[in-house]
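The next block holds one structure in the form of structure tokens; read it before the comments.
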Amino acid sequence: MCTQSHTSIVAKARLAVLTLALLAGSLLSVTSSQAQTLPGVQPENLTYDIIYQLGFLWKRAATATLQLTVRPNSYHSVMTARTLPFADNIFRVRDTLVADMRRNSNLLPIYYAKLADEGGTYRKDEVHYSHTESATTGKIRLYRPKRNAIEDYTLTEPGIVYDMLSIFYVIRAFDFRAMTMNQLYKTKIFSGKSLEYLDIEYLGQEILKQNKKEYSTFKVRFRFYDTSGKKTSDNISAWISTDSRRIPLKVEGKLALGSMKAIYTGD
35 MCTQSHTSIV AKARLAVLTL ALLAGSLLSV TSSQAQTLPG VQPENLTYDI
85 IYQLGFLWKR AATATLQLTV RPNSYHSVMT ARTLPFADNI FRVRDTLVAD
135 MRRNSNLLPI YYAKLADEGG TYRKDEVHYS HTESATTGKI RLYRPKRNAI
185 EDYTLTEPGI VYDMLSIFYV IRAFDFRAMT MNQLYKTKIF SGKSLEYLDI
235 EYLGQEILKQ NKKEYSTFKV RFRFYDTSGK KTSDNISAWI STDSRRIPLK
285 VEGKLALGSM KAIYTGD
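Just add 34 to wherever you are in the sequence shown, counting from 1, and you've got my numbering.
Take a look at the structure:
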């Protein structure tokens with residue numbers, strides 16, 4: 035098995051870990067008091083195994099954690115992902131995502147950071163948000179130490195724009211039982227220096243058999259595309275528990291040489 039194939043698999047597994055942060059999203063209409071008790075928006079410390087498939091082989095390659103703490107005026111979320119020792123020898127990953135969101139009706143994002151240490155290359159992306167009644171402005175700073183560069187961008191877009199982590203929590207709070215099969219939810223995220231579009235399709239309820247247990251879940255599918263409509267990654271499916279915690283129990287996507295999945299292992 036060639037190093038390039040291993041590198042591709044582990045890198046895409048890392049990307050899929052981050053897409054756990056795609057289970058939440060934008061213009062949900064609730065009152066400020068409701069925002070504090072939304073399903074899936076409560077203190078938590080969730081753990082995951084990241085498993086990839088190559089041919090008939092399934093291999094646990096990384097682990098991830100997702101934490102949320104409640105502050106007086108905001109929510110603070112941190113996701114971490116790291117490859118296991120054998121994968122470190124192929125393509126070492128130490129990623130952290132940070133998001134601060136207001137405790138208001140739309141969980142408006144305040145701050146986002148992605149700290150990526152991948153294959154010996156360190157990068158940091160930051161977004162500072164400001165909002166008007168009709169638009170979102172992201173002041174973006176990209177740190178690229180390898181090139182000894184710091185890049186600044188400002189993007190302003192109509193409506194509410196999120197990121198790879200803040201978008202997670204609002205989707206978990208959807209009123210899934212009021213949604214119809216194949217109903218689409220459309221939103222936008224800041225990704226690097228660009229804007230990315232995200233469609234979330236509701237695929238109904240499904241019993242998920244995992245870790246010798248059965249879970250009642252809501253199933254959703256994600257599609258990412260750029261401003262031209264071109265897909266920016268393969269579709270990803272996710273299973274979210276139907277209880278008030280709305281735990282992302284499984285995230286699964288295809289790779290060029292197989293597939294990957296992120297599996298909830300418990301608190």
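Just so it is clear, CB atoms sit at the ideal spot from N, CA and C, and this is done for glycine as well.
Measure the beta-carbon distance from residue i to residue j and round it to whole angstroms, keeping in mind my assumption that it falls under 8 Å.
{"i": "Leu283", "j": "Tyr236", "result": "Going by Cβ atoms, the distance from Leu283 to Tyr236 rounds to 16 Å, so no, they are not a contact pair."}
{"i": "Leu189", "j": "Leu229", "result": "6 Å"}
{"i": "Leu100", "j": "Pro77", "result": "Incorrect: roughly 12 Å between the Cβ atoms, too far for contact."}
{"i": "Gln244", "j": "Ile297", "result": "7 Å"}
{"i": "Ile194", "j": "Thr166", "result": "Rounded, the Cβ-Cβ distance is 11 Å, inconsistent with contact."}
For residue i, count the other beta carbons within 10 Å of its own beta carbon; 16 or more makes it buried, fewer makes it exposed. Which is it?
{"i": "Val75", "result": "buried"}
{"i": "Leu91", "result": "exposed"}
{"i": "Met215", "result": "exposed"}
{"i": "Asp209", "result": "exposed"}
{"i": "Thr221", "result": "buried"}
{"i": "Gly287", "result": "buried"}
{"i": "Ile184", "result": "exposed"}
{"i": "Arg181", "result": "exposed"}
{"i": "Asp159", "result": "buried"}
{"i": "Lys264", "result": "exposed"}
Hey, residue i and residue j: beta-carbon distance below 8 Å or not?
{"i": "Tyr109", "j": "Leu80", "result": "no"}
{"i": "Ile223", "j": "Leu232", "result": "yes"}
{"i": "Pro192", "j": "Ser168", "result": "yes"}
{"i": "Asp197", "j": "Pro143", "result": "yes"}
{"i": "Ser271", "j": "Arg257", "result": "no"}
{"i": "Pro146", "j": "Ser200", "result": "Position check: residue 146 holds Tyr in this sequence, whereas Pro was assumed. Yes. Within cutoff."}
{"i": "Ile281", "j": "Phe252", "result": "no"}
{"i": "Pro179", "j": "Tyr156", "result": "yes"}
{"i": "Ala133", "j": "Thr114", "result": "no"}
{"i": "Gly172", "j": "Val161", "result": "yes"}
{"i": "Tyr187", "j": "Lys246", "result": "no"}
What residue range is occupied by the uninterrupted beta strand (DSSP E) comprising residue i?
{"i": "Arg178", "result": "Ala169 to Arg178"}
Assuming residue i is part of the alpha helix (DSSP H), what are its boundary residues?
{"i": "Ile270", "result": "Counting along the chain, Ile270 falls outside any alpha helix (DSSP H), though it belongs to the beta strand (DSSP E) covering Ile270 to Ser275."}
{"i": "Ala121", "result": "Pro119 to Phe125"}
{"i": "Val161", "result": "From DSSP, Val161 is part of no alpha helix (DSSP H) but of the beta strand (DSSP E) over Thr155 to His165."}
{"i": "Ile205", "result": "Ser200 to Arg206"}
To the nearest angstrom, how far is it from the Cα of residue i to the Cα of residue j?
{"i": "Val104", "j": "Val112", "result": "12 Å"}
{"i": "Asp129", "j": "Ala95", "result": "14 Å"}
{"i": "Ser293", "j": "Ser267", "result": "13 Å"}
{"i": "Arg175", "j": "Gln217", "result": "35 Å"}
{"i": "Ser164", "j": "Arg126", "result": "35 Å"}
{"i": "Gln87", "j": "Phe202", "result": "25 Å"}
{"i": "Thr276", "j": "Thr117", "result": "30 Å"}
{"i": "Lys295", "j": "Ser278", "result": "23 Å"}
{"i": "Ala121", "j": "Ala212", "result": "43 Å"}
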